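**Student:** Residue numbers (our numbering): 356 to 435. Ideal placement from N, C-alpha and C gives every residue a C-beta, glycine not left out. Remember, it's a predicted structure, so these values are computed and weren't measured experimentally.
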Amino acid sequence: MAKESYEEIWAAVEAVPPGQVATYGQVAEAAGLPGRARLAGRALRELPEGSVVPWHRVVAAGGRLALAGEAAALQRLLLE
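#1: By the 10 Å Cβ neighbour count, where 16 or more other Cβ atoms means buried, how is G396 classified, buried or exposed?
#2: If you draw a straight line from the C-alpha of A427 to the C-alpha of G387, how long is it?
#3: What did DSSP end up calling V437 once you bin it into helix, strand or coil?
#4: For G387, report the span of its alpha helix (DSSP H) as first-last.
#5: Rounding to the nearest angstrom, what Cα-Cα distance links G414 and E359 in this structure?
#6: Can you list, in chain order, the residues of its chain whose CB lies under 6 angstroms from that of R412, leaving out five sequence neighbours each side?
#7: When the Cα atoms are used, what is the spatial distance from S406 to Q430?
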């Protein structure tokens with residue numbers, strides 16, 4: 356089931372407008388997968404190389420960046 360849900364999750368992330376963010380839980384809910392925030396995170400980690408899905412607009416609960424290291428620095432830069 357997980358891999359089949361990735362397309363729905365990616366579409367939900369694409370719907371997040373520029374200048375706004377959504378939490379992993381909100382993305383899962385929008386994809387019709389309530390309670391599956393971790394699946395949303397997994398789907399974003401599995402984005403194909405060169406994807407245009409705006410993964411950087413997805414944050415952890417409370418607006419925290421869930422990534423670490425270089426990925427977190429890149430996400431912060433893209434959000435700014």
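**Tutor:** Taking the coordinates as given:
#1: Answer is buried; the Cβ neighbour count reaches 16.
#2: Cα to Cα, A427 sits roughly 27 angstroms from G387.
#3: Residue 437 is absent from the structure shown; the chain starts at 356 and stops at 435.
#4: Note, G387: premise wrong, no alpha helix (DSSP H); not H, not E.
#5: With the sequence shown as reference, residue 414 is identified as Val, and Gly is not the correct amino acid for it. The C-alpha of V414 lies about 22 angstroms from the C-alpha of E359.
#6: Residues of the same chain with a CB within less than 6 angstroms of the CB of R412, apart from the 5 flanking positions on each side, are V371 and V376 in chain order.
#7: The C-alpha of Q430 is placed about 15 angstroms away from the C-alpha of S406.
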